[in-house]
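Chemist:
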Amino acid sequence: MSDAALSAGTVQTRTADGIATVEFAHPKGNSLPSALLVELARAIRTAGADPAARVIVLRSTGSSTFCAGASFDEFLAVATAEEGQRFFSGFSQVIRAMVEAPKFVLTRVQGQAAGGALGLIAASDYSIAVRSARAKLSELQVGIGPFVVGVVIERKLGLARFMNLGVHADWHDAEWCERHGLYSMLVDDEAALDAAVAAHATRLAAANPEAMREMKRIFWRGTEGWEAEMSQRAAMSGRMVLSEFTKDALAKFRSRIALALIALSAVACGGGPSEPAPDPTAAQVSVTPATLTLASGATGQLTATPRDGAGAALTGRKVTWTSQDTTIAKVDAAGLVTAQLVRAATAGETRITASVDGKSATASVTVSPVPVARVVVTPTPLTLTIGETRQLTATLTDAAGVTLTGRTITWLSGDSTKVRVSSTGVVTAVAAGTSSVGAISEGQLGTASVSVAAPSTSLTLRDSLVTATQGLFMGAASRDLSRIAVGPNVDGTSTTRELLFTDFTGTVLARHDVGGATWAVAMTPDGARTVVGSDDEQVYVFQGTALRNRGRPLTGNTQVRGVAISDDGRWAGTGGQRFVLLDLDAASPLDPVFVDSTLTQTRAMDFASGGRWLAYGGRQEISGRQLSIVAVYDLTSRTRVLWDTIPTTAENGELRSLAISSDGNRIIAGDWAGRLHYYVRTNPASTTWTRSTQDVASRIYWVDLTADASRAVVGTQGSDLRLYDLSSTAATLAWKRPATGVPLNPPMDGGQRTVHITPDGKSISAGTRGGGSGGGQIFVFDANGNVRLGRASFATQVAGAWKARAGAADPEVWFVRVSDDGTRAVMASYGGILYFFTGNAP
Numbered sequence: 000m001s002d003a004a005l006s007a008g009t010v011q012t013r014t015a016d017g018i019a020t021v022e023f024a025h026p027k028g029n030s031l032p033s034a035l036l037v038e039l040a041r042a043i044r045t046a047g048a049d050p051a052a053r054v055i056v057l058r059s060t061g062s063s064t065f066c067a068g069a070s071f072d073e074f075l076a077v078a079t080a081e082e083g084q085r086f087f088s089g090f091s092q093v094i095r096a097m098v099e100a101p102k103f104v105l106t107r108v109q110g111q112a113a114g115g116a117l118g119l120i121a122a123s124d125y126s127i128a129v130r131s132a133r134a135k136l137s138e139l140q141v142g143i144g145p146f147v148v149g150v151v152i153e154r155k156l157g158l159a160r161f162m163n164l165g166v167h168a169d170w171h172d173a174e175w176c177e178r179h180g181l182y183s184m185l186v187d188d189e190a191a192l193d194a195a196v197a198a199h200a201t202r203l204a205a206a207n208p209e210a211m212r213e214m215k216r217i218f219w220r221g222t223e224g225w226e227a228e229m230s231q232r233a234a235m236s237g238r239m240v241l242s243e244f245t246k247d248a249l250a251k252f253r254s255r256i257a258l259a260l261i262a263l264s265a266v267a268c269g270g271g272p273s274e275p276a277p278d279p280t281a282a283q284v285s286v287t288p289a290t291l292t293l294a295s296g297a298t299g300q301l302t303a304t305p306r307d308g309a310g311a312a313l314t315g316r317k318v319t320w321t322s323q324d325t326t327i328a329k330v331d332a333a334g335l336v337t338a339q340l341v342r343a344a345t346a347g348e349t350r351i352t353a354s355v356d357g358k359s360a361t362a363s364v365t366v367s368p369v370p371v372a373r374v375v376v377t378p379t380p381l382t383l384t385i386g387e388t389r390q391l392t393a394t395l396t397d398a399a400g401v402t403l404t405g406r407t408i409t410w411l412s413g414d415s416t417k418v419r420v421s422s423t424g425v426v427t428a429v430a431a432g433t434s435s436v437g438a439i440s441e442g443q444l445g446t447a448s449v450s451v452a453a454p455s456t457s458l459t460l461r462d463s464l465v466t467a468t469q470g471l472f473m474g475a476a477s478r479d480l481s482r483i484a485v486g487p488n489v490d491g492t493s494t495t496r497e498l499l500f501t502d503f504t505g506t507v508l509a510r511h512d513v514g515g516a517t518w519a520v521a522m523t524p525d526g527a528r529t530v531v532g533s534d535d536e537q538v539y540v541f542q543g544t545a546l547r548n549r550g551r552p553l554t555g556n557t558q559v560r561g562v563a564i565s566d567d568g569r570w571a572g573t574g575g576q577r578f579v580l581l582d583l584d585a586a587s588p589l590d591p592v593f594v595d596s597t598l599t600q601t602r603a604m605d606f607a608s609g610g611r612w613l614a615y616g617g618r619q620e621i622s623g624r625q626l627s628i629v630a631v632y633d634l635t636s637r638t639r640v641l642w643d644t645i646p647t648t649a650e651n652g653e654l655r656s657l658a659i660s661s662d663g664n665r666i667i668a669g670d671w672a673g674r675l676h677y678y679v680r681t682n683p684a685s686t687t688w689t690r691s692t693q694d695v696a697s698r699i700y701w702v703d704l705t706a707d708a709s710r711a712v713v714g715t716q717g718s719d720l721r722l723y724d725l726s727s728t729a730a731t732l733a734w735k736r737p738a739t740g741v742p743l744n745p746p747m748d749g750g751q752r753t754v755h756i757t758p759d760g761k762s763i764s765a766g767t768r769g770g771g772s773g774g775g776q777i778f779v780f781d782a783n784g785n786v787r788l789g790r791a792s793f794a795t796q797v798a799g800a801w802k803a804r805a806g807a808a809d810p811e812v813w814f815v816r817v818s819d820d821g822t823r824a825v826m827a828s829y830g831g832i833l834y835f836f837t838g839n840a841p
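For what it's worth, the numbering used here labels the leading residue of the sequence shown as 0, then goes sequentially.
#1: Ordered along the chain, which non-local residues of its own chain (more than five positions away) have a Cβ less than 6 Å from that of Glu177?
#2: Could you say if the segment 125-133 and the segment 161-178 meet the contact criterion of at least three C-beta pairs nearer than 8 Å?
#3: Among Ser685, Asp719, Gly617, whose alpha-carbon lies nearest the alpha-carbon of Trp671?
#4: Taking Cβ positions, are Ala398 and Val366 nearer each other than 8 Å?
#5: Skipping 5 residues on each side, what residues in its chain have a beta carbon closer than 7 Å to that of Leu136?
#6: So what does Ala24 bridge to, in DSSP terms?
#7: So Trp671 is in the beta strand (DSSP E); what residue range does that whole segment cover?
#8: Who does Lys329 pair with in a DSSP beta bridge?
#9: Could you tell me which of Arg95, Arg342, Glu81 sits nearest to Gly237, measuring between CA atoms?
#10: Please classify Ser422: is it buried, with 16 or more other beta-carbons within 10 angstroms of its beta-carbon, or exposed?
#11: Contact check, Ala100 vs Ile55 under 8 Å by CB: the rounded distance?
#12: Need the endpoints of the alpha helix (DSSP H) that Trp175 sits in, please.
#13: Below 8 Å between beta carbons: does that hold for Ala706 and Ser764?
#14: Return yes when the Cβ of Leu119 is within less than 8 Å of the Cβ of Cys66, no when it is not.
#15: By DSSP, does Thr304 sit in helix, in strand, or in coil?
#16: Whole angstroms are fine: how far does the CA of Gln542 sit from the CA of Thr686?
#17: Starting from the N-terminal side, write out each stretch of the beta strand (DSSP E) that is 3 residues or longer and does not extend beyond the segment 537-586.
#18: Do you know whose CA, among Ser622, Leu583, Gln576, lies nearest Ala603's CA?
#19: In terms of DSSP beta bridges, what is Val418 paired with?
#20: Nearest by alpha-carbon distance to Gln111: which of Val93, Arg130, Phe103 is it?
#21: Tell whether a beta-carbon distance below 8 Å holds between Ala658 and Trp642.
#22: Could you tell me which of Val364, Thr715, Ala827, Ala289 sits nearest to Ala297, measuring between CA atoms?
#23: Could you round the C-beta distance between Gln84 and Val37 to whole angstroms and report it? I think they count as a contact, below 8 Å.
#24: Just to confirm before moving on: does the CB-CB distance between Ala96 and Ala48 stay below 8 Å?
#25: Return the first residue and the last residue of the beta strand (DSSP E) that Val754 is part of.
#26: Pull the bridge partners of Phe606 from the DSSP assignment, please.
#27: With distances taken Cα to Cα, identify the nearest neighbour of Arg639 among Asn839, Pro683, Thr647, Gln625.
#28: With a CB to CB cut of under 7 Å and the five nearest residues on each side skipped, what residues in its chain are close to Thr544?
#29: What first and last residue would you give for the beta strand (DSSP E) that runs through Thr45?
#30: Report all residues from its chain with a CB closer than 7 Å to the CB of Asp633; omit the five preceding and five following residues, and keep chain order.
#31: Find the nearest neighbour of Gly561 within the set Phe578, Ser88, Pro370, Arg551, judged by alpha-carbon distance.
#32: Would you call the CB atoms of Ser828 and Val817 closer than 8 Å?
#33: What is the rounded straight-line gap between the Cα of Glu536 and the Cα of Thr416?
#34: Beta-carbon within less than 6 Å of Leu293's beta-carbon, same chain only, minus the 5 sequence neighbours each way: which residues are those?
#35: State buried or exposed for Lys155, treating a residue as buried only when at least 16 other CB atoms are found within 10 Å of its CB.
#36: Could you check what DSSP says for Glu81 in three-state terms: helix, strand or coil?
In structure tokens:
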């Protein structure tokens, strides 16, 4: 075999940005002599072992031909079977190098492929080709078969497609090749091919190397025996090439090639003197550096080098430079790149392309963001009381004063014993004193001064008030009072029936017409979902502050005067003449899941915080006989586990309020006949309950429980607010004011329309109907019964403004809540004003 023939080709490897590009070239249609195959296999194995490379791109030079297969000259020179076996084994080395590489091999097919070239493409993990890249297995035309490359082609395309290629032995268009899996993707032209290869290679270079390695093992599982199989097939080809039939076929094939070349020569010469040979066109272009990182506004130089098919550099060629995104970087005709001002939080990226004679190459350009020059923190100065929180804002600007967004900000407190600050800039007052709070971004610091006032001894009125267009009635709030919902009352003269959503600053978040008085409002602890029952017989469901659903879950269920919602917001109970359970996460959330039609009136209901148990109650009337009803529904088994009927001689003995413990094992319930009922069971699996009842000689409006059910607070029509100690597991009602054994004082004229106890039992609140000239009032006690807000302090702070708003009306308080930490309180009046109070934690 001629060494000169073997030395005409080249194999080059370039590695940049995790991409190893292996490029081969040969002047005869990129055909592959044995020596070139050895070099190509070695280059692929080297790239596979290079830790700097995460993906391998296989490509060839030129435009019209990807690879013509094995060297025809070398094929003709085979003299012995051993030479033939070595010759045909060359492709097996490259194929096994590609398959065994621990990295994906992406092949760029810019032109037609014949013979062994199809084996290279089939051994790729992904191949991208232009639409003109036809392919054929030409072996049968020269008297042999595609024995060696057939191993990988059959594996990739399947036996039927391999048979089609091998038997037909003629050109198949690119669409056929893509449809049957030889090509993974087709593009219109070579420019699009380069862009697609670059994009895929860049994405793979950023992927998890271990994941790609394991995927490749799966792709090529079962190929371990290919070396022996291919060696046997190479020997088969080596023997066959020496047969008389094959020699004759080769001679005829060579004659056809010679005639074609003579015809081309005659056309080119035209019978006259020949013109000087034109300069060779560029077969490839490289750009250096392959990556360029610039600061905003800086410049950097790129250089393009065009080369011919043999890899020799070409000079004096016009280079056309373009930028993929000129908002990130621009490039001039000389390849000078100018970075634009990137004010985004992350670096800007673009690609700069150099084109020569239709060939192109790209460089990746990264532009760093404009740095932060100044940080301003607002508001400052800031004064807070202990336990109060406030959001600080850091505004970042560049040297030109332009605001920058999305940058990383680190918050810190000068004295965290007095002021704490969260990672988002929320400051919390911890102890009396002064501290600076800083925000740092990219080395720049801005500060705010925060003063913390000494704790007050009572709850005081905030400056913010909310005035409604009608009197206010029932309401609900999130546990931190960051979201509050209050509805209209029943006897206001206004025709407006607005439900108000506010936050604790007094900002009205939303107003919604709910069609009637809101006898019942329930909200999830985080304020994400709210359910409202209205006199217009409808249930309203709000997501955040937006109305999501409204309607009548049960036709003819009259006024909806009771609602409850589970902590996770999925389940809602509603009352009227019947009790109705709703699944708010269902496709039709107002379609009943469970209806208890045995009740005549239903008001009371409560979910255990765990979400499994729902307690509800009301009144049942049978032949004129009044019964108070207490029931518990198991949401897991969808069955009732308690149904208790309590006879009453009262004209209206319905159950008005109840509360169930978080574990579902205790219930406190009060009825309109003035009886307090306490239920206990030993464990959640039991359906046996023990009830004890106490006559409090006054109608019961409202009851509430601590989280551990150790205390209950009971609001009545009388003047005393009752606190019960339930710390014993026995079913007894030992009620007392903790220190003195008497009801909570001072007297509350007109009774308590609403009561509330925080989960830890440290804050107890009540709203009263009022009497005489005093009007309704709000009372807040600590766990020991000490008044934090009461008659005297209330009159001083709000009574005048309230009475002026209410006019001749005698306002009542039907809604009052204290935040879980006891530092906030809110009250809604019949007079149509929403009041906010703050103080220290009890």
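Beta carbons are placed, not taken as given, at the ideal position from N, Cα and C, and that holds for glycine.
Predicted model, so just to flag it, every value in this text is computed and none were measured.
Modeler: Let's see:
#1: Leu185
#2: Yes, since at least three Cβ pairs between the segment 125-133 and the segment 161-178 fall closer than 8 Å, the two stretches touch.
#3: Gly617
#4: no
#5: Gly114, Leu117, Pro145, Leu164, Gly165, Ala168
#6: Thr9
#7: Careful: Trp671 lies outside any beta strand (DSSP E) and carries neither H nor E.
#8: Thr337
#9: If we check each option's Cα against that of Gly237, Glu81 comes out closest.
#10: Per the 10 Å Cβ criterion, exposed.
#11: 6 Å
#12: Start and end: 173-178.
#13: no
#14: Yes. Within cutoff.
#15: strand
#16: 35 Å
#17: 538-542, 545-550, 561-564, 570-574, 578-582
#18: For Ala603, the closest of Ser622, Leu583, Gln576 by C-alpha to C-alpha distance is Gln576.
#19: Ala428
#20: Arg130
#21: no
#22: Val364
#23: So it is not a contact: roughly 15 Å between Cβ atoms.
#24: no
#25: Val754 -> beta strand (DSSP E) spans 751-756.
#26: Leu613
#27: Pro683
#28: The answer, listed in chain order, is Phe500, Leu508, Ala509.
#29: Careful: Thr45 lies outside any beta strand (DSSP E), inside the alpha helix (DSSP H) at 33-48.
#30: Arg611, Trp612, Val640
#31: Phe578
#32: no
#33: 53 Å
#34: Gly299, Ala338, Val366
#35: Per the 10 Å Cβ criterion, buried.
#36: helix
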